[in-house]
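Below is one structure, written out as structure tokens, with a few remarks after it.
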Amino acid sequence: MKLTGVLTLVPLLHLSASVFSQQVTLKGQHVKIKDALRTITRQTGYGFLYNSNMLDVESHIAIDLNKAPLSKAMEEILAFKGLSYKIEEKTIVLLPRSDRKVMTPAAVLQKSIVIKGKITDDKGNPLAGASVFLKGQQAGTKSDANGEFELKVPKEGVDLVFSFVGYEKKEVKAKANMSVILVSSGNIEEVTVSTGYFNRTKQSVTGSQVIVSGEDLRKVGSLNMMQALNAFDPSVRVAPNLDFGSDPNRVPEITVRGENGFDLRSSADDSRSNPNSPLYLLDGIEVTATRIYDLDMNRIESFVILRDASATSLYGSRGANGVILITTIPPKAGDVRVTFNSTANVSVPDLRDYNLMNSREKLEYERLGGLYSGFGLEEQVRLDEQYNQRLSEVARGVDTYWLSKPLRTSVNQRYNAFVEGGDRSFRYGMNLNYDKDKGVMKESGRDRYGINVSFNYYPNKDFLIRNDVTVNNVKGYNSPYGSFSKYAQQNPIERIYDPETGELIRHYEFNTTMNPMVDASLPNLDYNRYTEIQDNFNIDWRINPNFRVTGRASLSKKLSKQEKYLSPFSSSFDKETKAEKKGSYEIYDQDDLNFDGTFTASYNQMFMDKISTNIGVGANAVTTSGVGEGYTATGFLSDNMNFIQYAQQFKENSKPRGYLDKSKMIGFFANANVGYENRYFIDLSFRTDGSSRFGKNSRFAPFWSVGGAWNVNREKWWKSDATLKVRASVGSTGSVNFSADQALTKYEYRSDYEYNGFYGAQLMGYGNSSLKWQNTIQNNIGADLTMWQNLVVLNIDAYIKETQNLLLPIDVAPSTGFSRYIENLGSMENKGMDMRLRFNVLRGKNPVHWNFSLGLATNQNKIKKLSNALEAMNLEASKEDNVKGPKPLRAYQAGRSQSALMVVESLGIDPMTGNEIYRKLNGDLTFTYDPKDKIIVGDMNPKWMGTFQSNILYKNFNLYFILAFEHGAKIYNSTLAQKVEGSDPRYNADRRVLYERWRKPGDIALYKRIDDKTPPYQTTRLVQDNDFLRLQTLTLTYDLPAKSLESLRLERARIMLTSNDLFRFSTVKMERGTMYPYAQTFSLALNLTF
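Reading the sequence shown from the start, the letters are residues -21 to -1, 1 to 1069 in mature numbering (1 follows the signal peptide of the UniProt record, and there is no 0).
Structure representation (structure tokens):
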């Protein structure tokens, strides 16, 4: 008997040891039981035997196992299913459980209470789809889009388990109005990210990219998305617009990791021809920068910035400048839900950089500037009388503050409503938005309103049909008050209205100028508007868990119109005497039709539980067509006749003009990502593109990338809880942001070339049939590190980009009939580093959660090769008229940055004469300026730029701010060149003109003689360090507690207070926003979900 017991025990011990030696790794929030059983079979070799009537294998479970014993895996899968199991050899047999009574979730919850709460991450962002379960049971639910949940539990105090992929599981006692914060676990195996065409697990990604949620974006509180991008990626730079400041009709210019091409555009408004603009994709469709500028930020679910070749090579000819992928919020299933967002903001003109003289100071400047010094007695008497008249005006208290006249404090409203609902098979959503953005200059602004209707239809769980229709209407109107610079130069001694008649004074005899308020009183108009209709159709077919096919087609129609009317009584025609030339009406209409279609197929498979493969192929076709026409007419005899039919003629020496731009592009691409044991990954991409924009001999070009990643923390010798991923990539991308006809030879028919009834044509430009693509070779190496359970998170990258075959103009002999043509000649290099360092200081059970981060980037640009046309531009920059301007023209030289600042070295102002002393290249000193003595004094782009962010969460309050900074740039101070030196005493100027200019021999002064009215030559004396620190955003958010929400019958209520540019410290005292001032913005936002 004892022997039998021993013999029986031996195989049981062997079986137990075998079972416990098997390890299972399985994670997911919605795992089907049948898929879980298949995974166990694949990982352990054990098969399953069961009665299908006992177990619903199509039901879902949430599971999180990492190298767990097989017995643990079976307990997790069969919990509360009323089943047990036994193992016979290599088969696991599922049996009804008879050893004890099984309490089902329904039985547990017969007598229950409802617990409500919200789940967020450690940054305060809601986690949608997080799991909430009773500990030890499968009764549970998931959080909604706002991170909120409801769950029936037997009583308060029971243990609830909260989990979400990529975050640490957390157990919390159930109570009313719960607020649960999950901390990132660093286990990123199941977290997926989008590359635009395909989805990849985060750990397998070899490229450099930045992922931002819509919730984080809205915290920044900017009026548009483009102004907020640099808050999340320090390598993104929003070019400062010192002329047009906060003008709501100016689209910001953005670069990612420096400038890859020469910006030789004649118009900065044409975003499609900007050689340095990134590619914008909205829900997978290419759109213009203007469309992103006008996009309602409440529609954005997330966006991704792709930066290196491994991340952008699938976009081939369009990816050299970086790619920004924007995804809008899709409708969700469930009862009808209404989300309403209302924002009221107040914009205040920011005039902190203006330091103009008052009337008394201005009169003294006029005297010292020699305006009242005559050559004869009679003239001197007249000037003395004029001086006394103006002095008496000052004594009467006349001190007109002209800067305030065209400005206002604008109060704006922005509304957004999103209605969504549906069931598992059909979901619908409708978004309405209205945004009235009044500028701080009177009667300027930009109105946006639109509607988006979308539906998702699932014929079955593996097939999705989605359609989105969007209609946007935008109207931008410029201020009739004209340029702000006109008001900045007006004399404070002058009155606006005649003190006797009360009428507007039209002219000022003192400086023979016209009152700028006259134009504001006339019925001038200047506006642009567009209506755009876009339909996006998508299909997504998951043929099986491994094979997926997607298709996307988009058709958009855009109708644009620009109109500008100037009254015949406008200051522009003040000196015009002919009636047929007074008054003007400019009209321009454009019609754009675009098609964008994409097809992709992807396949993923795991081999031997070690080798993961993801393979994708696809094709993409884009066609664009733009047709425009316009003209300018003159000769309006009355203000009231401001209709085009009342014009007398076309503008002199002009005729109706037309615009035609058509292009086609097609691309074929493939990507393969292979991983071994989730440790090593290699990513290969290839794309070939063909475009009509280039010569017939070079229609197609290949683009490629190779990337690798090493998850060091998955090595057996890695004992730390830290995670480390090392990435590297190399590849080529291109750019097509150029005119569609540059490869074509163009002719113009001339009516004066007539012979025997036939008309001849004149050569306008020579087309280059061998014109090739610009090609950017990108090298990137980076690392992602987390330490001390996510206390510290570091992402760092270094890169070198070399752009070859740059398109540049080539000068040719005039005898050819044209002066230039386009050729692939230039090359340029950018190299730099960008880093994001985050500290999650307070978290977990602490009532206060605090994290802060530092973003830092540097970029160095170098020209390696240029054309003779750019060398000719350097000669142009050295001409007399151009070396005295308020801004030095760029000088292009190989071996130097294209933004290098070149001026002549100055030794300051001679104390005896008040004139400037220059140093020649040979070291000699001279009073004679020579542009050949120019030297490089620095770069107009910063050496370092970045942001510092802090996010503090306490209960329902969230305080968030961003400090933005730049260091190491040089700038030529245009205010010193125009408003201190080079100023005319007849106009107002900066106070430094009175207090810091040379007056008499022996004066030690920074600026030339006060009676010298000539513009200064461009020298180092007016070059300054351009460092700044500004509070980009300050936001305070409050979420109403669950108890208040219940009484108000709301799902969510949030109040957000935001200010932008609250303060700014700079090393430069220079006027900003000279044509249109900057503004400080304060906003109050309310978000409600019913």
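Glycine included, C-beta positions come from ideal geometry on N, C-alpha and C.
- For the pair V1002 and E884, the Cα-to-Cα distance works out to about 10 Å.
- Within the stretch 407 to 486, the complete alpha helix (DSSP H) runs of at least 4 residues fall at 463 to 467.
- Per DSSP, the beta-bridge partners of M766 are V771.
- Fewer than three Cβ pairs drawn from the stretch 437 to 448 and the stretch 312 to 326 lie within less than 8 Å of each other, which leaves the two stretches out of contact.
- Between the stretch 998 to 1012 and the stretch 1033 to 1050, the count of Cβ pairs shorter than 8 Å is three or higher; the stretches touch.
- The DSSP-derived three-state label of W923 is strand.
- Contact between E895 and K987 holds, since their C-beta atoms are separated by about 6 Å, short of 8 Å.
- In the same chain as G609, and ignoring 5 residues on each side of it, the C-beta atoms closer than 6 Å to its own belong to I566, Y567, R636, in chain order.
- Per the C-alpha coordinates, the member of V199, P75, D570 positioned closest to F1061 is V199.
- Assigned with DSSP and collapsed to three states, P910 falls in helix.
- Positions of the alpha helix (DSSP H) runs, each at least 4 residues long and wholly inside the stretch 209 to 273, are given as 268 to 272 in order along the chain.
- Put simply, the backbone Cα of A851 is about 47 Å away from that of D514.
- Cα atoms of R197 and R286: separation of roughly 23 Å, rounded to the nearest angstrom.
- Looking from the CA of I623, the closest CA among V377, N255, K543 belongs to K543.
- Around the C-beta of I271, 16 or more other C-beta atoms lie within 10 Å, and the residue is accordingly described as buried.
- A distance of 8 Å or more separates the beta carbons of S289 and D731.
- Here M1035 is buried, its C-beta having at least 16 other C-beta atoms within 10 Å.
- Annotated three-state conformation of E340 is helix, per DSSP.
- Spatial neighbours of I71 in its own chain (CB-CB distance under 6 Å, excluding positions within 5 residues in sequence) are listed in chain order as Y25, F27, Y64.
- Rounded to the nearest angstrom, the gap between the Cα atoms of N830 and P865 is 44 Å.
- Of the candidates G418, K863, G597, S122, G418 places its Cα closest to the Cα of Q1059.
- For the pair G240 and Q928, the CB atoms are not nearer than the 8 Å cut-off.
- Contact annotation: T577 and G263 have beta-carbon atoms nearer than 8 Å.
- Under the criterion of beta carbons closer than 8 Å, K97 and P105 qualify as touching, at roughly 7 Å.
- Pairing V159 with N228, the inter-Cα distance amounts to about 43 Å.
- When secondary structure is reduced to three states using DSSP, F552 falls in the helix class.
- In this structure, K863 lies away from S806, with their beta-carbon atoms at least 8 Å apart.
- Excluding sequence positions up to five before and after S551, its CB lies within less than 7 Å of the CB of L545, all in the same chain and listed in chain order.
- With a cut-off of 8 Å on Cβ pairs, the stretch 299 to 310 is not in contact with the stretch 372 to 384, counting fewer than three such pairs.
- A residue is called buried once 16 or more other Cβ atoms fall within 10 Å of its Cβ, and F737, having fewer, is exposed.
- Within the stretch 823 to 895, the complete alpha helix (DSSP H) segments at least 4 residues long are 847 to 856, listed from N- to C-terminus.
- In this model, N838 and L44 are separated by some 44 Å (Cα to Cα).
- Take the alpha-carbon of G355 and the one of S500: they are about 42 Å apart.
- Apart from sequence neighbours up to five positions away, the residues of its chain that approach V140 with a beta-carbon distance below 7 Å are F112, K114, K148, E150, ordered along the chain.
- Secondary structure of S292 (DSSP, three-state): helix.
- Following the DSSP letters along the chain, one finds M496 inside the alpha helix (DSSP H) bounded by residues 495 to 499.
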